[in-house]
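My numbering applies: residue 1279 is where the sequence shown begins, and numbers increase by one. Ideal placement from N, C-alpha and C gives every residue a C-beta, glycine not left out. Quick caveat, the model's predicted, so the values are computed rather than measured.
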Amino acid sequence: MFLLFVVKGGAIMTGINMSNVKIKNRASILRVLKSEGSLSRKDIANKIGLTPAAVSILVGELISEKIVKERGEVEDSTKKVGRKKILVDINYNKYYVIGVDIGLEFTKIGIANLKGNILNSMLITTNKDLKPKEFLKELAQKCMSFLWSNNVLKENILGFGVGIIGVVDFKKGISKHAYGLWNQEVPIKKILEDILQANVIVDNNVRALALAEIDHNNQTRGNNILFVKHGPGIGSAMIINKEIYYGSTNMAGEIGHMILDSNGSLCRCGKRGCLETIVSKKAVINKLQEKTPQDTTLDLNMYKDLNFKTLLDETELEKGDIIKLINEMAFYMGLGISNVITIYDPNKVILHGELFKYKIFMLELKNNLKNMLPNNNLKGFILLSELKEGYISGTSIAIQNFFFKTGGIIPKLTIKGN
């Protein structure tokens, strides 16, 4: 899930008296600057289909609000020699967002600018012993302390973005089932709004990462994308027509809980034989433990923090056993991914997580996908994520929904009474 809180003030216009058309046009200007970089007013007009006069007025407003700034002059190749045009671009440091990622073991908190660049971050232990409301109260306090410790003024914060594992009702801001964390519905949006006195939006962490990916990865051209995340469990998100596909019950994309072995191990979701029980880091450690010679003790605490390459290379198993384990993981991972590809027919598949950087595993995975999808050309179809491993889910989706979609207008506070 991800959360966003929006503060009062910080922008000249509140949006109350602004027409939807004007907001849409401002949003179009910001989006084209985000995707293209610095442009002249005339270039913006040509790209978004507005008149140069209309664009000049809107850009003037954005400059007066310090959301957009002039970047200098360049030669205008369409005019006479000596004629120059003035470039404008987004002031990416006008506002900031606080991103939060709630995982099973750890929770990440970070500050990002409007470009989604993480400027500073911290890691805390996810206290599963606390009741949900108490945990969220503690989280809100840590977020505010982190904000103050980084000398960021509240009026410069556009909002908070938080991602959480499991099934999330995006519209209502409810965690329906955070597998292994909270086995109950938790109205995260309401709880955090009451504590922070701020607007909150909640979503699944993998969906938030998927949107961050298409924001940062220039290779993700296309309307339909399958995003697969590994570590510590496994999840996915499907982007259809450039929008996240949620499904009728917000459970679309739960590739990790696709049953691939009906007689398999019990999963934390309550089912047996889910993909996660076969390819998650915990599953791999358990298999290594089973295969380790009886006279050797495998220290699970030591191995759980290592990356997969080290984990597999440093065990005392025979090379053949390691290859067999890798092949099994790659087969079931390929089976899960190919099933989703067959149903949704995406333009691209993006893989996120350090397992996918393990060359031996990736070679076997691609071979399996070639066999499972003989009619698909996989060249340029399977891509590795360009997001850093520690990227905090929620930052991009917060920026997208509360800056680019609103035309840079801070949404009015909509806190309801208890």
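Straight-line Cα distance separating residue j from residue i
i, j, result
"Gly-1439", "Ile-1376", "6 Å"
"Ile-1688", "Lys-1468", "20 Å"
"Asp-1599", "Asn-1541", "22 Å"
"Phe-1413", "Asn-1324", "50 Å"
"Asn-1434", "Asn-1371", "9 Å"
"Gly-1686", "Ala-1305", "7 Å"
"Ile-1495", "Leu-1662", "Looking at the sequence itself, residue 1495 is Asn, so the reference to Ile does not match. Going from the Cα of Asn-1495 to the Cα of Leu-1662 covers about 10 Å."
"Tyr-1622", "Glu-1664", "23 Å"
"Gly-1444", "Lys-1597", "36 Å"
"Asp-1539", "Glu-1554", "11 Å"
"Asp-1573", "Phe-1639", "Note that Asp-1573 scores a pLDDT of 47, beneath 50, so its modelled location is shaky; the value from the coordinates is reported in the next line. Each residue's alpha carbon lies about 28 Å from the other."
"Asn-1679", "Leu-1603", "42 Å"
"Ile-1335", "Leu-1308", "14 Å"
"Gly-1672", "Ser-1514", "15 Å"
"Lys-1560", "Asn-1429", "39 Å"
"Ile-1518", "Lys-1569", "42 Å"
"Gln-1567", "Ser-1674", "39 Å"
"Gly-1381", "Leu-1474", "21 Å"
"Ile-1466", "Lys-1320", "45 Å"
"Asn-1303", "Lys-1393", "20 Å"
"Thr-1329", "Ile-1341", "18 Å"
"Pro-1624", "Ile-1660", "11 Å"
"Asn-1605", "Thr-1498", "28 Å"
"Lys-1635", "Tyr-1610", "17 Å"
"Ala-1530", "Leu-1470", "25 Å"
Residue from the options whose Cα sits closest to the Cα of residue i
i, options, result
"Ser-1526", "Ile-1687, His-1494, Gly-1451, Asp-1447", "Asp-1447"
"Leu-1317", "Leu-1336, Val-1352, Glu-1339", "Val-1352"
"Pro-1652", "Ile-1619, Phe-1634, Leu-1641, Leu-1661", "Ile-1619"
"Asp-1510", "Val-1562, Met-1536, Val-1333", "For the sequence presented, residue 1510 should be read as Pro rather than Asp. Closest option to Pro-1510, Cα to Cα, is Val-1562."
"Met-1607", "Pro-1624, Lys-1644, Lys-1626", "Lys-1644"
"Cys-1552", "Ile-1537, Asn-1564, Lys-1559", "Ile-1537"
"Asn-1391", "Tyr-1374, Ile-1341, Asn-1502", "Tyr-1374"
"Ile-1556", "Gly-1531, Asn-1502, Ser-1514, Leu-1613", "Leu-1613"
"Arg-1550", "Leu-1474, Tyr-1636, Arg-1319, Gly-1534", "Gly-1534"
"Val-1464", "Asn-1649, Val-1480, Val-1378, Asn-1605", "Val-1480"
"Glu-1416", "Cys-1547, Ile-1402, Trp-1426", "Ile-1402"
"Ser-1399", "Leu-1408, Pro-1410, Gln-1419, Ser-1427", "Ser-1427"
"Glu-1532", "Leu-1544, Ile-1512, Ser-1543", "Ile-1512"
"Glu-1491", "Val-1627, Asn-1564, Arg-1546", "Val-1627"
"Leu-1690", "Ile-1601, Lys-1449, Val-1478", "One detail in the question is off: residue 1690 reads as Lys in this sequence, not Leu. It is Val-1478."
"Cys-1545", "Asn-1646, Gly-1327, Tyr-1457, Thr-1404", "Tyr-1457"
"Ile-1670", "Met-1422, Asn-1405, Leu-1489, Lys-1411", "Leu-1489"
Run of the alpha helix (DSSP H) containing residue i, from where it starts to where it stops
i, result
"Gly-1614", "1597-1622"
"Phe-1438", "Run containing Phe-1438: none in the alpha helix (DSSP H); it sits in the beta strand (DSSP E), 1435-1442."
"His-1494", "1483-1494"
"Thr-1555", "1554-1557"
"Ser-1399", "Per DSSP, Ser-1399 belongs to no alpha helix (DSSP H); it is in the beta strand (DSSP E), 1396-1403."
"Asn-1324", "1319-1326"
"Gly-1639", "Per the sequence shown, the amino acid found at residue 1639 is Phe instead of Gly. Start and end: 1637-1650."
"Ile-1301", "1298-1314"
Burial state of residue i, where buried means 16 or more other Cβ atoms lie within 10 Å
i, result
"Glu-1339", "buried"
"Leu-1397", "exposed"
"Thr-1684", "buried"
"Ile-1677", "buried"
"Phe-1424", "buried"
"Glu-1667", "exposed"
"Lys-1637", "exposed"
"Glu-1642", "buried"
"Glu-1383", "exposed"
"Trp-1460", "buried"
"Ala-1418", "buried"
"Leu-1408", "exposed"
"Val-1333", "buried"
"Thr-1385", "buried"
"Leu-1431", "exposed"
"Ile-1294", "Because the pLDDT of Ile-1294 is 43, which lies under 50, any placement of that residue in the model is unreliable, and the question is left without a value."
"Ala-1331", "exposed"
"Ser-1543", "exposed"
"Asn-1395", "exposed"
Distance cut-off 7 Å: residue i Cβ against heavy atoms of the ligand MG
i, result
"Cys-1545", "The ligand content of the structure shown is nil, which means the ligand MG is not present either."
Enclosing beta strand (DSSP E) for residue i [first to last residue]
i, result
"Ala-1515", "1512-1518"
"Val-1430", "Here Val-1430 belongs to no beta strand (DSSP E), and DSSP marks it neither H nor E."
"Asn-1698", "As displayed, the chain neither begins before 1279 nor continues past 1696, which places residue 1698 out of reach and without an answer."
"Phe-1448", "That residue, Phe-1448, is in no beta strand (DSSP E); it is neither H nor E in DSSP."
Any C-beta of chain C under 8 Å from that of residue i
i, result
"Ile-1537", "The structure shown contains no chain C; it holds only a single protein chain."
Item to check | contact_flag[the stretch 1364-1371, the stretch 1333-1348] where n(CB pairs < 8 Å) is 3 or more | outcome: These segments touch.
Checklist entry - Touch check for the stretch 1500-1510 and the stretch 1624-1632: three-plus C-beta pairs under 8 Å? => result The stretch 1500-1510 is in contact with the stretch 1624-1632.
Checklist entry - Is the number of C-beta pairs between the stretch 1311-1329 and the stretch 1644-1661 that are closer than 8 Å three or more? => result Taking a cut-off of 8 Å on C-beta distances, the stretch 1311-1329 does not touch the stretch 1644-1661, as fewer than three cross pairs fall below it.
Item to check | Cβ contact check for the stretch 1450-1461 and the stretch 1426-1438: 3 or more pairs under 8 Å | outcome: Look at the beta carbons and you see the stretch 1450-1461 not touching the stretch 1426-1438: under three pairs across the two are nearer than 8 Å.
Next on the checklist: Measuring CB atoms only, is the stretch 1513-1528 touching the stretch 1474-1489, in the sense that at least three cross pairs come out at less than 8 Å?
Outcome noted: Contact between the stretch 1513-1528 and the stretch 1474-1489 is present, because at least three Cβ pairs lie under 8 Å.
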